[in-house]
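Input: a single structure, listed below in C-alpha cells.
Residue numbers (the working numbering): 198 to 917.
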C-alpha cells in the first residue's frame, strides 16, 4: 500500500517514514491528548531542514521545485504517523499562494511558509463577505487555527490571506475533538482589506489543493489502520486459533484494503493532474476526497473493531486515527465532494489519463503509428488477418502469435490503435484458454488450435466448475479412466459460459482419485461437438442462458489432447485462472456509458432522494476503477512489481455494477415494472450485475484471496 510507484518516490516515502519513526511522531501526537496547550511538535525544526515544506514550490521562492506528486508522498507518511502540528494546513496555504498569488504575495509569504517560521490555517466554508474594503462574517472552523500565524479564509469566490493578529479578527480555539491538530472558530468584524490580502477567484483552486493534500494524509492513516488491524489479528488468539483465520475478520481487512487502494489511486492521479489541467485537477481532487475521507473513517472504525476491547482503550493508538479521520471528514468531506464530482461531470468535465513513458517509447511509437495507419486502411477481414500476421492481435503473447511486447510497447500500441480507430478482436475466454495452451501445450496442440482460435473459427470454453467445485476449483470429481490410447471421461461440469457456442473446451478431470486434492488432476482438450458431450443451457435470472451444464458420457480423449503431464493439471488450471483474473480485473467498465447515463437520468428524474450525491459517489468509484488499472500499468512501466490492483478491481467492479443497476432502477421508478421501455434495460442490468459478484470467483472468495495473498493472513483451517 502506498501512493509511491517510482523508485524516487518510494525512496522518499521510506525516508519520511524512517524520519517520523525516529522522531517519535506518534508519541508526540499522544502527548497532546490531555495537554491544555498545543506547541509546535518537537521535530518541527528537523522537518523544516529536510525541505518538505517547500517540495512543491519553485526554487525562486526557496522551494525544491518539485510538485504535488512529491508532496503527497510525504503527506501520506505524516498521515500514517498521525503526526501532530501545522504541516498539512501550512503546505495547503503555500500551494494555494504558489498557484494563485501575485508576485508580491509569493515573495512576501512563501519564504516564511517554507522555512517554517510562518504556519497557516485553512477555512474555506465560512460566510465572510467583503464590501467596500471591509470583511465581516463567520469564517467557520479553520483547520490548524491553534498554531496558525496566517489564515486563508474563503470570501465568496476569493480567498483572503490574513495575519492572525489583524485588528478585527477573533480566533477562538476551544477543546478539540482531535487535540493533535487543533482547529478553531474565526470571525471577522470590520476588518480592513487591501488588494494584497486577496487571492481573486482562488476558492475553487484552494479547495482542490486542500482536498488533495488532506486526502493524501487520510490514505496514509487509512493504510496504517489496515496494517495495525492485520498485525493484531495475526497474533490475537481466540477459540484456539488466531482471529486472522476467521473469515469475518479477513473480510473486514480485505474491505479496508479495497477502500484505501481506491482512494490511493485517486490521490495519486490528483497530484499528477495539478500540473496538467486545472479543471481536470478539480474534478479528480473531488474524487479523491469522496473516496479518501470515508475510507479513513471506516478503516479507523474497523481497526478498533478488529482490536476489540483493547482498541477501545485510551492507551491504544487506534482512536488517534478515528479522531483525525472524523475531523478531516467533517471539515472537507461529507457529501460535498461527491456533489462536486456530479456537478463537474454533468457540466462536461472529464479526466484524460496517460502515463509518462520512457524515451524509448517514442521510437516505438513511430513504427507502431505507421503500422496502425496501414492496418486502419484495410477492410474488417483484412484488418484481422494483418493483426494476426503482425502479432498486434494479442501484443503481450509470445512470438510468433503475439509480439512479446513489454508494458511500454503495449501502452503505445493501445494509444496508437485507439487513435487510428482500430478495434482488435475480443477473444474473452478463448483468449485466456489459448494463452494457457501456448504456455503449457505441445507443439502439435499449438499448431492445431491457436491459429483457428485467433481467426475465431473455433471458440473455446473453460470446463472447471462442477456442482461441488465452484470457487474451489480443485474439488474436481469428473473422472478420467485410463484406456488404450487415452482417457475415458465421465462426469458433469456446470456454470460453463458460452458452452453451447463452443467448438472446444479446456477441462479439468480427476485422473488419480487416491492422490491429494490438487495432485490428481489432469487438464484435457474436449471436442464440444462429440456425441458423448451433452450441453444443457441454464436459464439465468435475467432470462438469458449464458451458463450451461455439460455432461460427459464415456467421452474418449486421446493422449495427444492432454495439456501438460497427467496428474499435473492443477498447474495448467492455475495458469488459466491467472489469465482469467487478469482479464476480469483488467476491465474498468462492464457497461459502456453507464456513468454518463446515470448523470442524465439523475438530472431528469426526481424519484431518488439524494440522487446527486449517490450518483456522484458512483462516479468517484468509476474513476477509481479506471485509475486502479492505470496504476497497474504504471507499475509495469516502472518495473515496480505486481501490486494489489488486480484483485481489488475484480471485487470492486462487481459491487460497482450492482450499485449502478440499483441507481438506474431507483431513478426510473415504475418504468422498471415493464419490459418495453428504458426500465427494461435497468431491470436486466440490475439482475445481471448479481452475476458479476459470482462469476470468476465469488466476491467472498475474492475477499479471502485479498486477505491471504496480499495481506498475508493465514488460510482458513481445513475441516475434514
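Each residue gets a CB set at the ideal place from its N, CA and C atoms; glycine is no exception. Treat the numbers as computed from the prediction; the structure is a model and nothing was measured.
Residue i and residue j closer than 9 Å at C-beta
i           : j           : result
residue 349 : residue 390 : no
residue 756 : residue 682 : yes
residue 468 : residue 413 : yes
residue 405 : residue 297 : no
residue 381 : residue 311 : no
residue 762 : residue 725 : no
residue 558 : residue 503 : no
residue 861 : residue 883 : yes
residue 626 : residue 584 : no
residue 408 : residue 486 : yes
residue 539 : residue 816 : yes
residue 352 : residue 384 : no
residue 888 : residue 737 : yes
residue 569 : residue 601 : no
residue 642 : residue 537 : no
residue 332 : residue 324 : no
residue 845 : residue 825 : yes
residue 904 : residue 447 : yes
residue 226 : residue 283 : no
residue 827 : residue 462 : yes
residue 342 : residue 415 : no
residue 450 : residue 499 : yes
residue 744 : residue 694 : yes
residue 804 : residue 863 : yes
Burial state of residue i (16 or more Cβ within 10 Å)
i           : result
residue 594 : buried
residue 784 : Below a pLDDT of 50, predicted positions are generally treated as unreliable, and residue 784, at 41, falls in that range; no measurement from the model is reported.
residue 243 : exposed
residue 204 : exposed
residue 417 : buried
residue 541 : buried
residue 549 : exposed
residue 241 : buried
residue 410 : buried
residue 235 : buried
residue 286 : buried
residue 387 : exposed
residue 926 : The question about residue 926 has no answer, for the chain in this structure spans 198 to 917.
residue 782 : Here the model assigns residue 782 a pLDDT of 36, short of 50, so the residue's position is not dependable and the matter cannot be decided.
residue 871 : exposed
residue 420 : buried
residue 247 : exposed
residue 510 : exposed
residue 578 : exposed
residue 778 : Note that residue 778 has pLDDT 49, beneath the 50 cutoff, so the model's placement of it is unreliable and the number below is only indicative. With 16 or more other Cβ atoms within 10 Å, it is buried.
For residue i: DSSP bridge partner residues
i           : result
residue 140 : There is no way to answer for residue 140, as the model of the chain reaches only from 198 to 917.
residue 658 : 702
residue 337 : 383
residue 755 : 683
residue 733 : 746
residue 331 : 328, 389
residue 724 : 701
residue 676 : 687, 707
residue 435 : 438
residue 510 : Per DSSP, none; premise fails for residue 510.
residue 501 : BP columns for residue 501 are empty, so no partner.
residue 319 : 340, 349
residue 719 : 706
Contact test: residue i Cβ vs the ligand PLP heavy atom, cutoff 8 Å
i           : result
residue 770 : Ligands displayed in this structure: none; no statement on the ligand PLP is therefore possible.
### Query
Which full runs of the alpha helix (DSSP H) of 4+ residues lie inside the segment 610-667, going along the chain?
DSSP runs (the alpha helix (DSSP H)) wholly in the segment 610-667: 625-637, 640-651.
### Task
Quick one: which unbroken beta strand (DSSP E) runs of 3-plus residues sit fully inside the segment 346-410? Chain order, please.
Those beta strand (DSSP E) runs which fall completely within the segment 346-410 and span 3+ residues are 347-352, 355-360, 366-369, 381-389.
### Query
Is there contact between the segment 439-458 and the segment 515-535, where contact requires at least three CB pairs shorter than 8 Å?
Two segments are said to touch when three or more pairs of C-beta atoms, one from each, lie closer than 8 Å; by this definition the segment 439-458 does not touch the segment 515-535.
### Message
Below 8 Å, how does it come out for the segment 218-234 and the segment 254-271: are there three or more Cβ pairs, yes or no?
### Response
Contact between the segment 218-234 and the segment 254-271 is absent, because fewer than three Cβ pairs lie under 8 Å.
### Query
Is it true that the segment 698-710 meets the segment 645-664, where meeting means three or more beta-carbon pairs spaced less than 8 Å apart?
Counting Cβ pairs under 8 Å, three or more are found: they touch.
### Query
In chain order, which continuous runs of the beta strand (DSSP E) of length 3 or greater are located wholly inside the segment 792-843?
Entirely contained in the segment 792-843, not one beta strand (DSSP E) run reaches 3 residues.
### Message
Using 8 Å as the cut-off, can you tell me whether the segment 552-572 makes contact with the segment 830-844, which would need three or more C-beta pairs spanning the two stretches below that distance?
### Response
Yes, since at least three Cβ pairs between the segment 552-572 and the segment 830-844 fall closer than 8 Å, the two stretches touch.
### Touching by the beta-carbon criterion (3+ pairs, under 8 Å), the segment 247-259 and the segment 350-367
Taking 8 Å as the limit for Cβ pairs, the verdict is that the segment 350-367 does not touch the segment 247-259.
### Query
Quick check: the segment 514-525 against the segment 373-380, are there 3 or more CB pairs under 8 Å?
Contact holds: three or more Cβ-Cβ distances are below 8 Å.
### Query
Are the segment 734-754 and the segment 625-642 touching, with three or more C-beta to C-beta distances below 8 Å?
When C-beta atoms of the segment 734-754 are compared with those of the segment 625-642, fewer than three pairs fall below 8 Å, so the two segments do not count as touching.
### Message
Whether or not the segment 433-449 and the segment 467-487 are in contact is what I'm after, with contact meaning three or more pairs of Cβ atoms, one per stretch, closer than 8 Å; do they touch?
### Response
Verdict: no, contact absent.
### Complete runs of the alpha helix (DSSP H) confined to the segment 231-263 [at least 4 residues]
Here the runs fully enclosed are 241-246.
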